[in-house]
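Since the structure comes first, as structure tokens, the remarks are kept for the end.
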Amino acid sequence: MNTTQEQKEILLEWMKQHPDVARGRLRRKGESKHQMEVLLQELSTSMNSVVYGPKKSSMEWIKVINFNL
69 MNTTQEQKEI
79 LLEWMKQHPD
89 VARGRLRRKG
99 ESKHQMEVLL
109 QELSTSMNSV
119 VYGPKKSSME
129 WIKVINFNL
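Numbering (our numbering), first residue to last: 69 to 137.
Below, the structure is given as structure tokens:
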């Protein structure tokens with residue numbers, strides 16, 4: 069199932085609220101890694117709340133949005 073328009077809008081709003089993640093400015097080690105994991109879990113929960121959209125883990129959403137972690 070493809071990402072819905074509603075999920076794309078959620079992602080866009082999330083990226084606006086978390087520009088450091090969107091720009092890749094959080095490091096992938098230590099506290100920044102933990103912070104990123106928490107933020108991505110929150111994003112995953114929001115994306116999965118869309119009734120007719122696909123349901124994925126945070127790691128699967130990362131692949132969809134091409135974060136390349």
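All C-beta atoms in this analysis are idealised placements derived from N, C-alpha and C, irrespective of residue type, glycine included.
All figures in this text were calculated on a predicted structure; none of them were measured in a lab.
Element boundaries [alpha helix (DSSP H), containing residue i]
{"i": "S125", "result": "Segment: none, S125 is in no alpha helix (DSSP H) and carries neither H nor E."}
{"i": "V119", "result": "First-last for V119: undefined, no H or E at that position."}
{"i": "M83", "result": "73-85"}
Which listed residue (the options) has its alpha carbon closest to that of residue i
{"i": "S126", "options": "K76, S100, Q85, S112", "result": "S112"}
{"i": "P87", "options": "T71, M104, P122", "result": "M104"}
{"i": "I130", "options": "S117, L79, Q85, R93", "result": "L79"}
Secondary structure of residue i, DSSP reduced to three states
{"i": "M69", "result": "coil"}
{"i": "I133", "result": "helix"}
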